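2 protein chains.
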Amino acid sequence: MTSPETSPSTTLTTLINVRRGAEAIDFYTRAFGAAILSRMDAPDGSVVAHLSIGNGSFWLADESAPHQNFSPETLGGSTTRMVMITDDPHAAFDRAIAAGASSICPIRDEEYGWRIGRVVDPFGHHWEIGKPL
Amino acid sequence: MTSPETSPSTTLTTLINVRRGAEAIDFYTRAFGAAILSRMDAPDGSVVAHLSIGNGSFWLADESAPHQNFSPETLGGSTTRMVMITDDPHAAFDRAIAAGASSICPIRDEEYGWRIGRVVDPFGHHWEIGKPL
Chain A
16 MTSPETSPST TLTTLINVRR GAEAIDFYTR AFGAAILSRM DAPDGSVVAH
66 LSIGNGSFWL ADESAPHQNF SPETLGGSTT RMVMITDDPH AAFDRAIAAG
116 ASSICPIRDE EYGWRIGRVV DPFGHHWEIG KPL
Chain H
16 MTSPETSPST TLTTLINVRR GAEAIDFYTR AFGAAILSRM DAPDGSVVAH
66 LSIGNGSFWL ADESAPHQNF SPETLGGSTT RMVMITDDPH AAFDRAIAAG
116 ASSICPIRDE EYGWRIGRVV DPFGHHWEIG KPL
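These protein sequence lines are chains A and H, in that order.
Numbers given in our numbering equal positions in the first sequence, counted from 1, plus 15.
Numbers given in our numbering equal positions in the second sequence, counted from 1, plus 15.
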């Protein structure tokens with residue numbers, strides 16, 4: 016049996032919980048140029064979608080408290096940060112702000128060797144945008 | 016200028032906020048066979064680490080409320096789920112439970128075409144463990 020930690024086929028992605036999932040898909044498309052890899056719309060209007068940005072991807076779903084899937088708006092904060100590594104952090108940051116994200120830290124060169132900044136999106140998820148120098 | 020969405024060098028990972036970061040590193044090593052790619056220990060005992068599992072990786076850091084980095088223990092829930100795709104979901108699930116995670120949904124074959132289950136770890140982060148069938 017191959018153990019997960021040594022199998023090259025083991026991968027990790029993240030599913031973020033949001034309110035207004037359909038709006039969130041539209042936002043991430045505009046803010047980060049996300050492409051929709053898959054999208055499932057339920058009769059109640061909730062969505063589950065798999066989005067790609069460059070070589071990375073993430074999942075998005077409407078929150079559901081009975082299933083312990085809480086949005087940042089419900090909990091009053093976020094328990095993770097998405098980390099986007101990209102060639103031009105300034106351009107990606109500015110595009111996110113123009114789409115409606117808010118700046119937490121502007122892009123700058125940090126002493127630990129990264130050019131990096133941070134935004135929070137309209138759904139309460141935080142994004143570190145940068146690259147190692 | 017290359018836009019982030021079309022650049023193959025753009026990647027996404029996730030940074031999870033925890034209490035007891037050093038303990039968390041130990042847990043993820045035992046539960047998922049995580050390898051430590053980098054680790055920075057601060058004088059106050061807090062840590063930032065980059066861990067790999069198979070071909071995937073994630074970051075972990077001690078929470079810091081002044082920086083809007085909240086752990087699931089602080090907020091009373093998690094705003095994201097980690098999604099681990101692996102060849103043998105049953106083995107990965109069982110190993111996580113043996114290391115101290117709690118079952119939310121046992122591994123089963125879902126009608127949407129995945130063999131998948133879900134655990135919550137001792138630090139409050141949720142992990143979907145499965146594979147598409």
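For glycine and all other residues, C-beta sits at the position ideal for the given N, C-alpha and C.
Since we're looking at a predicted model, the values are computed, not measured.
DSSP places Ala50/H in the strand class (E or B) of the three-state scheme. Restricted to the segment 30–86 of chain H, the beta strand (DSSP E) segments that are unbroken, complete and at least 3 residues in length are 50–56, 62–68, 71–77, listed in chain order. With a beta-carbon spacing of about 15 Å, Ser93/A and Leu27/H fall beyond the 8 Å limit used to define contacts. For His141/A, the secondary structure class from DSSP, reduced to helix, strand or coil, is strand. In this structure, the beta-carbon distance from Glu143/H to Arg133/H falls below 9 Å. When C-beta atoms of the segment 72–90 of chain H are compared with those of the segment 26–43 of chain H, three or more pairs fall below 8 Å, so the two segments count as touching. Within 10 angstroms of the beta-carbon of Ile68/H lie 16 or more other beta-carbons, which makes it buried. Residues of the same chain with a CB within less than 6 Å of the CB of Ala50/H, apart from the 5 flanking positions on each side, are Ser67 in chain order. The straight-line gap separating the alpha-carbon atoms of Gly128/H and Ala107/H is approximately 19 Å.
Distance from the Cα of Arg123/A is smallest, within the candidate group Pro137/A, Leu148/A, Phe138/A, Ser117/A, for Leu148/A. 9 Å or more divides the Cβ of Phe138/A from the Cβ of Phe47/A. With respect to chain A, the C-beta atom of Gly115/H has no partner C-beta closer than 9 Å. Within the model, the alpha-carbon separation for Ile100/H versus Ala64/A is close to 16 Å. Residue state for Asp109/A is assigned as helix, using DSSP reduced to three classes.
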